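There are 2 protein chains.
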Amino acid sequence: MELWYTEKQTPTYGITAKIKETYVSEQTEFQKLDMIETEEFGTMLVLDGMVMTTDKDEFVYHEMVAHPVLYTHPNAKKVLVVGGGDGGVIREILKHPSVEKAVLVDIDGKVIEYSKKYLPNIACGLDDPRVEVIVNDGFMHIHDHKNEYDVVMVDSTEPVGPAVNLFTRGFYQGIYDSLKEDGIFVAQTDNPWFTPDLISSVNRDVKEVFPIVRVFWANVPTYPSGLWTFTMGSKKYDPLEVDESSIPEIDTKYYSPRLHKAAFVLPKFVEDLVK
Amino acid sequence: MELWYTEKQTPTYGITAKIKETYVSEQTEFQKLDMIETEEFGTMLVLDGMVMTTDKDEFVYHEMVAHPVLYTHPNAKKVLVVGGGDGGVIREILKHPSVEKAVLVDIDGKVIEYSKKYLPNIACGLDDPRVEVIVNDGFMHIHDHKNEYDVVMVDSTEPVGPAVNLFTRGFYQGIYDSLKEDGIFVAQTDNPWFTPDLISSVNRDVKEVFPIVRVFWANVPTYPSGLWTFTMGSKKYDPLEVDESSIPEIDTKYYSPRLHKAAFVLPKFVEDLVK
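Quick mapping for you: the protein sequence lines, in order, are chains A and B. Here the first sequence is numbered in my numbering, starting from 204 and rising by one per residue. Here the second sequence is numbered in my numbering, starting from 204 and rising by one per residue.
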């Protein structure tokens, strides 16, 4: 029997991948969680029917959440990751010697548990002594921690299910308050081909809260359209004013010092969405 | 009845799109040609089971074949398009006032015929007085025209079927000979996620023929992985030495003067493939 997993990325378009094995398929307290072994992309984590990460292309997303913002902040010591229970962003954060503490707050402990078991190359940093893993609502955590973080990274699912509060102006204000006076945040902010209105509304909301707002992008093959955007909101430091020659060559497969600013140059139709 | 078109982009991975109607499904002299109406991407041209272009995302590919090279050459008057029977690249070429003549050579007259009928917004330039449309083998045309073109653009299918000769060192040498002494060529050169070896071998071959070789990329959602590469081979002009401030703002949706150089900054794993 041939089994194919199909994700409808829109009601009338999707991707489909042949699978070897289903490791997990369960309804957690918060969402449907599937962990499957695909032929093309290796192990794949699917939440509420949406691909979150795969062995083959995970490096793009995780590097691009972590490095552009950490090479914009000159000395990030304390970093918060909201969501990101698979641990991939944590793994990248730990490549930065300035970071003394990385806190991961995911609402769903099952994501953490199964990622450690089935995605060991992604989750490998979660047991590092610099990392604190908290199973809690990121919205609440941020509410309870003011003026504390140098950098906040929002590695959430799409704005449906448990992540719906993570795409609101109130959340961005909460992040602002949780950051120190020169803090920066970054969030994944979906794709412009299928959700152009979301890109525009998130951009408007973040601009109401942060003085410096920049959008960058990367190609993630298993995400809808393959063009994924990220939004950085900053109190002081501008990612476009970073001296690229000061960025070290670290062990990455997507991000590079050369790509730091180029990633902020958007296709024209995307530029128009965030004007 | 719900009909879905599925393209297996690899043996174990693909995209799938709900369709409203099939306009054409026939075996031409050279390839299988399907023209279908999809819900998400509008009209879609499929050759030998591979998506060539769609109403919704066609602008990316066509702009990125035409503009980076035409804004690198300071005064391109005579341009050749090999393949590209849908006319999208021709439409973009005609936005350049320097171009006096654009020759399109597609091996399959049926692609031209059906594109004019079903993709009028893409094929709209084919009847322009500056355009000559020739139904012939591009390989042969190039062989018969030496020292003639300022710019050659290869808008071919993948290296299977009728385009197999268009991914050989001999073809690149033929293009070199068909170009004037300061000529430049550009070709679509597939994606690095599923065909990394092709990217490397094409790059090696082009470097044996042209002194200046640069690879750039764009996001095309309906192409495998969404990351598409293009290779430029040039006798004299370097696209990275273009003064971006001299590029005019023309009517585009993807390309912009700001993107001209940024498109040449490759993700690190792609950089490594073309070192």
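All C-beta atoms, glycine included, are put in the ideal place defined by N, C-alpha and C. Since the model is a prediction, treat every value here as computed from it, not as a measurement.
Original post:
Who are the Cβ neighbours of B/Q230 in its own chain at under 7 Å, not counting the five residues just before and after it?
Top reply: none
**OP:** Spell out whether any CB of chain B is found under 7 Å from the CB atom of A/S404.
**Re:** no
**OP:** Check A/N422 in the structure and name its three-state DSSP category.
**Re:** strand
Original post:
Where does A/S301 land, buried or exposed, given buried means 16+ other C-beta within 10 angstroms?
Top reply: exposed
Original post:
Can you name the residues of chain B whose CB is closer than 7 Å to the CB of A/R461?
Top reply: V468
**OP:** Spell out whether any CB of chain B is found under 7 Å from the CB atom of A/P451.
**Re:** no
Subject >> Amino acids of chain B, ordered along the chain, whose beta-carbon sits closer than 8 Å to that of A/S428 >> reply: N422, P424 and G429
Original post:
Around the Cβ of A/D358, are there at least 16 other Cβ atoms within 10 angstroms (buried) or fewer (exposed)?
Top reply: buried
**OP:** Determine which residues of the segment 209-229 of chain B have a Cβ less than 7 Å from any Cβ of chain A, and write them out in chain order.
**Re:** T209, T213, T215, Y216, G217, I218, T219, A220 and K221
Original post:
From A/S449, A/T225 and A/L283, pick the residue whose C-alpha is nearest to that of A/K464; which is it?
Top reply: A/S449
Subject >> Close Cβ partners of B/R372 (< 8 Å) along its chain, the five nearest in sequence each way excluded >> reply: D408, E411 and V412
**OP:** Tell whether a beta-carbon distance below 7 Å holds between B/G290 and B/V314.
**Re:** no
Subject >> contact_flag[the segment 337-355 of chain A, the segment 385-403 of chain A] where n(CB pairs < 8 Å) is 3 or more >> reply: yes
Original post:
Grouping DSSP H, G and I as helix and E and B as strand, with all else coil, what is B/V468?
Top reply: coil
Subject >> From B/Y426, B/V473 and B/E205, residue whose alpha carbon lies closest to that of B/G217 >> reply: B/Y426
Original post:
Are at least three pairs of beta-carbons, each pair with one atom in the segment 231-239 of chain A and one in the segment 310-325 of chain A, less than 8 Å apart?
Top reply: yes
Original post:
Counting pairs of beta carbons, one from the segment 206-213 of chain B and one from the segment 263-281 of chain B, are three or more of them closer than 8 Å?
Top reply: no
**OP:** Tell me, please, whether the CB atom of B/E205 is closer than 7 Å to any CB atom in chain A?
**Re:** no
Original post:
From what residue to what residue does the alpha helix (DSSP H) around B/M343 run?
Top reply: G341 to H346
Original post:
Going by DSSP, which residues form a beta bridge with A/I239?
Top reply: A/T225 and A/M247
**OP:** With a threshold of 16 other CB atoms inside 10 Å of the CB of B/P214, please say whether the residue is buried or exposed.
**Re:** exposed
**OP:** Report the rounded CA-to-CA distance for A/L476 versus A/F467, giving the unit in angstroms.
**Re:** 14 Å
**OP:** Find the residues of chain D that neighbour A/A465, judging by a C-beta separation of less than 7 Å, and give them in chain order.
**Re:** Absence of chain D from the displayed structure is noted, the protein chains being A and B.
**OP:** Determine the burial state of A/M435: buried for a count of at least 16 other Cβ atoms within 10 Å of its Cβ, exposed for fewer.
**Re:** buried
Subject >> Nearest-angstrom Cα separation, counted from B/T392 out to B/I378 >> reply: 15 Å
Original post:
Can a CB atom of chain A be found closer than 7 Å to the CB of B/E447?
Top reply: no
**OP:** Within 10 angstroms of the Cβ of B/P442, are there 16 or more other Cβ atoms? Answer buried if so, exposed if not.
**Re:** buried
Original post:
Closest Cβ-Cβ distance between A/T432 and chain B: below 7 Å?
Top reply: no
Original post:
What in chain B is Cβ-close to A/T455, meaning under 8 Å?
Top reply: K471
Original post:
If we cut at 7 Å on Cβ distances, does B/E242 have a partner in chain A?
Top reply: yes
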